[in-house]
Each structure stands twice: as structure tokens, then as C-alpha cells.
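Numbered by the numbering used here, the letters in the sequence shown go through residues 6 to 395 in order. Idealized CB from N, CA, C, for every residue including glycine. For reference, the structure discussed in these notes is given below.
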Amino acid sequence: MEAVAHRCPEFEQIVYARDVLRSAGEAILTVASRLGQSFCSAVEILLACQGHVVVSGLGKAGLIGQKISATLASTGTPSLFLHPTEALHGDLGRVRPDDVALILSASGETEEIVRLVTALGELAIPIIAITCSRQSRLARSANVVLELGTIEEAGHLRLAPSTSTTVMLALGDALALTVSRLRGFRAEDFARFHPGGSLGKKLSNVEDHMRPLAECRIASDQLTLRQVIVTTRRPGRRTGAIMLVDPEGRLSGIFTDSDLAKVLERREEPVLDAPIADLMTRHPITVCTGTSLREAVTILAEKKISELPVVDAEARPVGLLDITDVVALFPDQLSASRCSTLDDLPGQEKQSAEQGTSPVKPKRFRDSSGYERPGSPGLRIMVPDENERH
6 MEAVAHRCPE FEQIVYARDV LRSAGEAILT VASRLGQSFC SAVEILLACQ GHVVVSGLGK
66 AGLIGQKISA TLASTGTPSL FLHPTEALHG DLGRVRPDDV ALILSASGET EEIVRLVTAL
126 GELAIPIIAI TCSRQSRLAR SANVVLELGT IEEAGHLRLA PSTSTTVMLA LGDALALTVS
186 RLRGFRAEDF ARFHPGGSLG KKLSNVEDHM RPLAECRIAS DQLTLRQVIV TTRRPGRRTG
246 AIMLVDPEGR LSGIFTDSDL AKVLERREEP VLDAPIADLM TRHPITVCTG TSLREAVTIL
306 AEKKISELPV VDAEARPVGL LDITDVVALF PDQLSASRCS TLDDLPGQEK QSAEQGTSPV
366 KPKRFRDSSG YERPGSPGLR IMVPDENERH
């Protein structure tokens, strides 16, 4: 391969790339306009499948097939990928009588593919073919043919599988998502299949992201402020709010770092011995167990609060959702709310808070009546641990 004597101007590179993308886009639209009864028949076969959708293809078509199989599986249709060559050497045993085969081949004449569909036919496995021509051997062996038609590959050589594989991928997605919709596949189902990704986390419940009760600061509403501060002092990472409970253990109020700063700003010593019940915010905003994380985050953003108590059916606290634990999952939704707390800080403390080095997080709390109570940034309380005292 000879080296290119000179590079094309950037403009020509962009024009060339646009032609590649335009070729794929136009081909997809052409195939979309031709969808008809064959597509509906393929959907019905997939819906009726009691086993797995066995997807197969060779080369680039095989790579596309792997993605289609993964999309089917993640949207409610059990699926596996079967390499055609390996299938002819024992892996055909993976196929069960209640499976359905989805075979991809642009030409429909690839020898391994033709031999595979012959073997599948002997097993009486329904076959859906995605190929360019109904006259190919693959198409003639299939129960349903999704014909792509004549497709010209992109690029100056018109040889590398590009437009054809893009169309296959798009058609596979159309199949998978249509079947998923008809199955009644829900966002909750999607989350169950994606527990490790950000998409699944966004669709999970608040219990999966809250700080458990053992990590929360909680105290009786029968104590004084001084007693509450002492009893809830804990080393290491902590929440910026104290949950107060009545004698029956039900949540009765919340007291934040901002509330404490406001109280101490008065510089009235007796206030430390005042009942916490007189200082806390009564009837705070809460969510129940089972609430979706998305709904809880919406509350955090709309109410401009940083902590959200999670309670059970009896109004007893079970945990606390802290904005810092979920802001990375919903940056656009929560950034404005978080920035509003930082804007109250003077320069040095604002920089420390943005870098995560501030000893106490700035808070802004809005109670259930809608009254917003910004914290006082000028005062920070540090209670040293026992092992830090000299």
C-alpha cells in the first residue's frame, strides 16, 4: 500500500466524511420506506419465541449480530450469539427446539452461513434472514426475509462493509425495540437488567443510593441542642443534617448545619440548652421507601434541598439521600441546586467547597412550608474526635 503523497485539505476531509454519513442515512431511510408485512411477520415470530433468539453472522455482519443480540437481551427478549463456524463444529448444540434464528448476511451466499441455515432447517428452527436479496440461498432457506435491497457501500472504493452493516444495525434495533414495546417492557425492567450502568442507576429506587440509618445522624426530639450535638457527633464522613424522632421513633423534624450556624450566630449561650424541638424544622420533606431515584432527585432540585430523609410506611426514618451522592448521575438537574449553595460562600471557602475540601458542606434548606433558609457561610463548627485532642 503506497503512502498518500499529500493530505487532503480539511474541507475535503469533512465533505468526504459527510458523504459517508449521508450514504448510511439515505440507505436507512430507503429500507424504512420499504418495511411491510415481512417485518410484522418477523416481529410475531420473535414475540412467540419461547426460547432464545439465536443471532448469527460472519465477519462484520457477525459483529453487528452480536450487538443486535445484546440489544434484544437487554430489552426483554432472551438472546445469544452463535458464531457460524463454531456452530458447525459442535456449538449447534446450543440451539434448542423452542429457539428462533436471526441470520445476517449482506450477500446471503457466505458458505458458512448457507451451511448453518441448512442445519437449522433440519432442526425445524424458524429462520429470519436480514440480507440484500430475496434470491440468495440464505433468503430461500428462511421463513421470513427482511430484504435490504441493493446497497452501495460508502467510501471511494465502495468495498468495505459500511453502509450495509449500518443498515443491518438500524434494522436490528427496530426489530428489538418493536418487540420490546409489544412485550410491555418498562423502564423498571430496563433498570433490572442494567444494575451496573448509569442508566440503570437513574431508574433505580432511592434505597439503592441513600445512606443507611447506621451512617446517619439521628437523635430524639426530646433533647436539647447541646445534647443533640454531642450525641450525634461521629468521626469521618457525615451527613449535613440531623434527623429528629419522637418517642415512637417517627420522624418529627430535621436540623441542618445551616440551622446550627444560624443559631450560633446569635451568640446567645442559653440557646444551646434550648429544646431541639423548638429549633428544628418540623414536618420536613420526605420520600417513602420504593420511591424512584429520579423522583427523589426532582424533589432535591425543585425544593433546593441537600438532604432528603427516607421513611417507611410508619414515618420512621430508614436512611437519608444526600445530594453529593447522586449529583454525578444527574449533573444537569442538580448542578443549579448545588451551585446555589456555593454562591453563598466567600471566595476561599467557595473554592474549598468546589474542590471538596471544605470541612462542612454549605447548605440551603427549604422546609415544607416553602420558606427558604440559607445557611450562614461565615461560621463553621468543628468538633474534634477524641483521638485528635491533645
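* Are the stretch 271 to 288 and the stretch 303 to 320 touching, with three or more C-beta to C-beta distances below 8 angstroms? -> Proximity of the stretch 271 to 288 to the stretch 303 to 320 falls short of the contact definition, fewer than three beta-carbon pairs being nearer than 8 angstroms.
* Count the other C-beta atoms from every protein chain shown that fall within 10 angstroms of the C-beta of Val122, then say buried if there are 16 or more, exposed otherwise. => Within the sequence shown, residue 122 is the residue found at index 117, counting from 1. That one is buried.
* Classify Arg238 as buried or exposed, calling it buried when 16 or more other Cβ atoms lie within 10 Å of its own Cβ. => What you label residue 238 is simply residue 233 of the sequence shown in a count that begins at 1. With fewer than 16 Cβ atoms within 10 Å of its Cβ, Arg238 is classed as exposed.
* **Alpha-carbon to alpha-carbon, Thr296 and Glu270** => Indexing the sequence shown from 1 puts residue 270 at position 265. Indexing the sequence shown from 1 puts residue 296 at position 291. Glu270 and Thr296: Cα-Cα distance of roughly 37 angstroms.
* Asked: Among the residues of its own chain, which have a CB less than 8 angstroms from the CB of Cys137, if the five just before and after it don't count?
  -> Here residue 137 corresponds to residue number 132 of the sequence shown, with the count starting at 1. Cβ neighbours of Cys137 beyond the five flanking positions: Ala111, Ser112, Gly113, Glu152, Leu153, Gly154, Thr155, Ile156, Ser169.
* Is Pro131 helix, strand or coil by DSSP? -> Locating residue 131 in the sequence shown gives position 126, where the first residue counts as 1. Pro131: coil per DSSP, three-state reduction.
* Asked: From Leu262 to Leu230, what does the alpha carbon distance come to, in whole angstroms?
  -> Locating residue 262 in the sequence shown gives position 257, where the first residue counts as 1. Locating residue 230 in the sequence shown gives position 225, where the first residue counts as 1. Checking the sequence, you will find Asp at residue 262 rather than Leu. If you draw a straight line from the Cα of Asp262 to the Cα of Leu230, it comes to about 12 angstroms.
* Asked: For the alpha helix (DSSP H) that Glu49 lies in, which residues bound it at each end?
  -> Position 44 of the sequence shown holds residue 49. Here the alpha helix (DSSP H) through Glu49 covers 42 to 53.
* To do: Check the C-beta distance from Arg305 over to Ser209 and give it rounded, since I have them as a contact under 8 angstroms.
  => Start at 1 with the first residue of the sequence shown, and residue 305 comes out as number 300. Start at 1 with the first residue of the sequence shown, and residue 209 comes out as number 204. The sequence shown places Leu at residue 305, not Arg. Not really, about 15 angstroms apart at Cβ, beyond 8 angstroms.
* Beta-carbon proximity of Ala165 to Glu158, cut-off 8 angstroms -> Within the sequence shown, residue 165 is the residue found at index 160, counting from 1. Within the sequence shown, residue 158 is the residue found at index 153, counting from 1. Pairing Ala165 with Glu158 gives a Cβ-Cβ distance under 8 angstroms.
* **CA nearest to the CA of Leu256, picked from Ile223, Asp103, Leu109, Arg99** => To locate residue 256, count along the sequence shown from 1; it is residue 251. Per the C-alpha coordinates, the member of Ile223, Asp103, Leu109, Arg99 positioned closest to Leu256 is Ile223.
* Measure the alpha-carbon distance for Met248 versus Pro336 and round it to whole angstroms. => Here the question's residue 248 lines up with position 243 in the sequence shown. Here the question's residue 336 lines up with position 331 in the sequence shown. The alpha-carbon atoms of Met248 and Pro336 are separated by roughly 26 angstroms.
* The alpha helix (DSSP H) enclosing Ile156, as first and last residue numbers -> Looking up residue 156 in the sequence shown gives position 151. According to the DSSP assignment, Ile156 belongs to no alpha helix (DSSP H), since it is labelled neither H nor E.
* Does the Cβ of Gly254 have 16 or more other Cβ atoms within 10 Å, making it buried, or fewer, making it exposed? -> Position 249 of the sequence shown, counted from the start, is the residue given in the question as residue 254. Exposed: under 16 other Cβ atoms inside 10 Å.
* To do: State the DSSP-derived secondary structure class of Thr237, mapped to helix, strand or coil.
  => To locate residue 237, count along the sequence shown from 1; it is residue 232. The answer is coil: DSSP assigns Thr237 none of H, G, I, E or B.
* **Other residues of its chain near Ile290: CB distance less than 7 angstroms, five sequence neighbours each side excluded** => Within the sequence shown, residue 290 is the residue found at index 285, counting from 1. So the list reads Ile304, Lys308, Ile310, Leu313, Ser373, once near-sequence residues are dropped.
* Given Ile108 as reference, the closest of Ala144, Leu334, Glu127 once Cα atoms are compared -> Here the question's residue 108 lines up with position 103 in the sequence shown. Answer by Cα proximity: Ala144.
* Flag this pair as yes or no: are the beta carbons of Gly202 and Ile69 separated by less than 8 angstroms? => In the sequence shown, the residue the question calls residue 202 occupies position 197. In the sequence shown, the residue the question calls residue 69 occupies position 64. Taking the C-beta atoms as reference points, Ile69 is found no nearer than 8 angstroms to Gly202.
* **Beta bridge counterpart(s) of Asp327 as assigned by DSSP** => Mapped onto the sequence shown, residue 327 falls at position 322. Answer is Glu312.
* Asked: CB-CB under 6 angstroms to His57, same chain, minus the five flanking residues each way: which ones, in chain order?
  -> Along the sequence shown, one-based indexing puts residue 57 at 52. Cβ-Cβ distances below 6 angstroms link His57 to Pro83, Ser84, Leu85, Asp104 in the same chain, with the five nearest sequence neighbours on each side left out; the list follows chain order.
* Through-space distance from Ala78 to Val233, alpha-carbon basis -> Along the sequence shown, one-based indexing puts residue 233 at 228. Along the sequence shown, one-based indexing puts residue 78 at 73. If you take the alpha carbons of Val233 and Ala78, they lie about 52 angstroms apart.
* Mind checking which residues open and close the alpha helix (DSSP H) that includes Phe190? => By one-based count along the sequence shown, residue 190 stands at place 185. In the DSSP assignment, Phe190 falls outside any alpha helix (DSSP H), carrying neither H nor E.
* Coil, strand or helix - Met173 by DSSP -> Working through the sequence shown from its first residue, we reach residue 173 at position 168. DSSP, reduced to helix, strand and coil, places Met173 within a helical segment of the structure shown.
* Residue from Ala246, Ala181, Glu212 with nearest C-alpha to Thr80 -> Here residue 80 refers to the residue found at position 75 of the sequence shown. Residue Ala181 is the option with its Cα nearest to Thr80.
* DSSP bridge partner residues for Ala246 (one or two, in chain order) -> Residue mapping note: residue 246 aligns to position 241 of the sequence shown, counting from 1. DSSP lists Thr261 as the beta-bridge partner residues of Ala246.
* Contacts around Ile33, its chain only, beta-carbon distance under 6 angstroms, and the 5 residues preceding and following it disregarded -> The residue you call residue 33 lines up with position 28 of the sequence shown. Only Val172, Ala175 meet the Cβ criterion.
* Does DSSP put Pro389 in a helix, in a strand, or in coil? -> Mapped onto the sequence shown, residue 389 falls at position 384. Caution is warranted here: a pLDDT of 36 is assigned to Pro389, below 50, making its placement in the model unreliable, and the coordinate value is therefore given only provisionally. Pro389: coil per DSSP, three-state reduction.
* Asked: Among all the DSSP beta bridges, which residues are the ones paired with Ser297?
  -> Start at 1 with the first residue of the sequence shown, and residue 297 comes out as number 292. BP columns for Ser297 point to Asn210.
* Cβ-Cβ distance between Pro322 and Leu218 below 8 angstroms -> As a working note, residue 322 is residue 317 in the sequence shown. As a working note, residue 218 is residue 213 in the sequence shown. Their beta carbons are under 8 angstroms apart, which means Pro322 touches Leu218 by this criterion.
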